[in-house]
Structure formats: structure tokens, C-alpha cells
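Encoded structure:
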């Protein structure tokens with residue numbers, strides 16, 4: 076609905092959206108002396124104007140739209156929100172123009188927080204930001220999907236971006252531990268989302284004693300995240316028989 080309102084506003088008076096008018100005096104438009112030159116000069120000088128910065132911003136927005144991205148706009152297109160939907164989650168990025176855009180980068184806020192670092196140079200555009208951000212979201216989403224695909228007695232609970240290590244996610248799992256009376260153990264793993272099959276940065280358990288019996292050298296980076304967890308926390312003879 077908001078999109079339709081913006082489009083309607085543009086169709087009715089596009090310059091009212093993109094530029095500010097310059098005051099003019101109607102008496103100056105008189106042709107009583109038969110000289111049209113002053114009138115044309117005034118019409119030229121009194122037309123609505125738009126700054127180079129805002130024009131570039133609007134052109135960049137058009138490129139993002141042509142790129143097929145899901146966009147939302149602020150009033151008078153002074154902000155741009157682009158949404159990304161992947162298998163595991165949804166992500167978004169919000170961009171605001173700097174006062175001297177594109178000499179200075181836009182202000183950026185995103186679902187990835189500090190995990191997304193904006194590298195702005197003379198060749199950068201809003202579209203290049205969206206492409207780079209989308210690639211990073213896709214990579215993160217693949218890691219989340221990998222970490223969520225675990226088999227019984229493991230169960231995926233949740234994930235979140237790590238607050239301090241921007242290249243990691245925190246993964247919460249539960250383990251129905253038959254070897255310990257069928258009690259549930261909560262596992263918290265810090266996983267590098269660029270390489271989720273690598274051994275986790277850390278593994279914590281709601282029952283610390285449970286980790287004493289784990290042979291961490293059984294982690295195998297050639298296997299999926301879930302398969303390596305099975306090798307660590309499920310009875311060895313069962314896992315060894317499955318992956319022989």
C-alpha cells in the first residue's frame with residue numbers, strides 16, 4: 076500500500092517528491108515589452124532543482140529495484156530497506172543517504188549487525204551493497220541450515236549471532252542422553268558460519284560432567300555438522316557402524 080502511495084505521488088508531481096522549488100514572482104513573467112528573453116531566463120532559473128547527491132541516490136535506488144530486490148522506502152525515498160528471505164531465516168538491511176553521498180558511504184543498519192562490514196569505494200553503489208549483503212546472508216543461512224540438521228537424540232533449538240565474535244553463530248541443541256538416564260542435556264556451541272564443519276570454537280553443556288567422556292578428536296571435518304556431533308555424543312559402536 077505504501078508503495079502505491081509513493082507511485083501515485085510521483086505520477087502527480089514527480090519534482091515535488093525529488094526536489095524543492097525556488098520562489099518566483101509572477102509579475103516577472105510579463106511579456107508586455109515584447110521581449111521574451113527575460114521570461115525564458117526566469118523560467119530556467121526558477122525550475123525545481125535536485126542536488127547531485129540526491130539524484131545519484133535515486134538512480135541507485137532504481138538500480139536496486141531493477142535488480143529484483145524486495146524493497147521498502149521511506150518518505151520521499153530518504154531511506155531504503157531491502158529484505159532477503161532464505162531457507163532458515165529472513166534478513167534485512169536499511170540504508171540512509173549521507174549528506175555528501177556517494178563521496179561518503181550511506182548509513183547502514185542490518186540484521187547481521189557488526190558481522191556485515193561495509194567496504195565503500197568510488198565504484199560502490201547501493202546495488203553492490205545489496206549484492207554483497209545478500210551473498211553474506213546466503214552463506215550464513217547455509218551454515219544455520221547445516222547446524223539445524225541433526226538427528227535423534229540431538230535436537231536443534233535455536234541460533235543467534237555471537238555478540239562478540241562476528242564470524243560466529245551460537246547454536247543451542249538438546250541431547251536426550253540415554254546413557255545418563257534419559258535426561259536432557261543442553262548444548263551450546265560457537266560455530267564459525269564461514270565453515271560450519273570445522274570444529275566449534277567452544278562447546279558448553281548444561282551438565283559439564285557430560286563433556287568429560289567425550290573424545291573431541293572424533294570430530295571429522297569431512298562429515299556434516301550433525302554427523303560429527305553424532306560421533307561425539309552418541310554411543311561409539313552405533314556411530315562407527317553407520318559411517319564405516
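Residue numbers (my numbering): 76 to 319. Every residue, glycine too, gets a C-beta built ideally from N, C-alpha and C.
Can you tell me whether DSSP reads residue 235 as helix, strand or coil? As a working note, residue 235 is residue 160 in the chain shown. Here residue 235 sits in strand by DSSP.
Flag this pair as yes or no: are the beta carbons of residue 144 and residue 157 separated by less than 8 Å? Reading the chain shown from its first residue, position 69 is the one you call residue 144. Reading the chain shown from its first residue, position 82 is the one you call residue 157. Against a cut-off of 8 Å, the Cβ pair of residue 157 and residue 144 comes out as a contact.
Can you look up residue 197 in the DSSP assignment and give me helix, strand or coil? For the purposes of this step, residue 197 is taken as residue 122 along the chain shown, with counting starting at 1. Residue state for residue 197 is assigned as coil, using DSSP reduced to three classes.
With 16 as the cutoff for other CB atoms within 10 Å, does residue 233 come out buried or exposed? If you number the chain shown from 1, residue 233 lands on position 158. Residue 233 is exposed by the Cβ-count criterion.
Buried or exposed: residue 115, going by 16 or more other Cβ atoms within 10 Å of its Cβ? For this step, residue 115 is matched to residue 40 along the chain shown. Model confidence at residue 115 stands at a pLDDT of 49, short of 50, so the residue's coordinates are unreliable and nothing is read from them.
Along the chain, where does the alpha helix (DSSP H) containing residue 139 start, and where does it finish? Working through the chain shown from its first residue, we reach residue 139 at position 64. Taken as a continuous stretch (DSSP letters only), the alpha helix (DSSP H) holding residue 139 covers 127 to 141.
Using the beta-carbon count (16 or more within 10 Å), is residue 214 buried or exposed? By one-based count along the chain shown, residue 214 stands at place 139. Per the 10 Å Cβ criterion, exposed.
Endpoints, the beta strand (DSSP E) within which residue 159 is located: If you number the chain shown from 1, residue 159 lands on position 84. DSSP places residue 159 in the uninterrupted beta strand (DSSP E) bounded by 155 to 160.
In the DSSP assignment, what residue or residues form a beta bridge with residue 279? Start at 1 with the first residue of the chain shown, and residue 279 comes out as number 204. 263.
Give me the Cα-Cα distance between residue 292 and residue 265, rounded to the nearest whole angstrom. Counted from its first residue, the chain shown places residue 292 at position 217. Counted from its first residue, the chain shown places residue 265 at position 190. Rounded to the nearest angstrom, the two C-alpha atoms are 17 Å apart.
Do residue 244 and residue 250 have their beta-carbon atoms positioned less than 8 Å apart in this structure? Walking along the chain shown from the start, residue 250 turns up at place 175. Walking along the chain shown from the start, residue 244 turns up at place 169. Contact: no.
Give the DSSP-derived three-state secondary structure of residue 145 in the structure shown. Counting from one through the chain shown, the residue named residue 145 turns up at place 70. DSSP, read as helix, strand or coil, puts residue 145 in strand.
Examine the Cβ distances between the segment 130 to 146 and the segment 158 to 178 and report whether three or more of them are shorter than 8 Å. Put simply, the segment 130 to 146 touches the segment 158 to 178. At least three CB pairs are less than 8 Å apart.
Go through its chain and collect everything with a Cβ distance to residue 142's Cβ below 8 Å, but skip five positions before and after it. The count along the chain shown starts at 1 and reaches residue 142 at position 67. Once the five neighbours on either side are set aside, the close Cβ partners of residue 142 are 202, 205 and 206.
Less than 7 Å between C-beta atoms, sequence neighbours within five positions excluded: which residues of the same chain meet that for residue 267? Counting from one through the chain shown, the residue named residue 267 turns up at place 192. For residue 267, where only same-chain residues beyond five positions count, the Cβ hits under 7 Å are 242, 243, 273 and 276.
Quick check on residue 111: buried or exposed, where buried means 16 or more other Cβ atoms within 10 Å of its Cβ? Numbered from 1 along the chain shown, position 36 holds the residue referred to as residue 111. Bear in mind that the predicted position of residue 111 carries a pLDDT of just 48, short of 50, making it too unreliable to give a figure here.
Alpha-carbon to alpha-carbon, residue 286 and residue 307: Position 232 of the chain shown, counted from the start, is the residue given in the question as residue 307. Position 211 of the chain shown, counted from the start, is the residue given in the question as residue 286. For residue 307 and residue 286, the gap between their C-alpha atoms comes out near 9 Å.
Residues in its own chain within less than 6 Å of residue 212 by CB, not counting five upstream and five downstream? Position 137 of the chain shown, counted from the start, is the residue given in the question as residue 212. Closer than 6 Å at Cβ, skipping near neighbours: 159 and 166.
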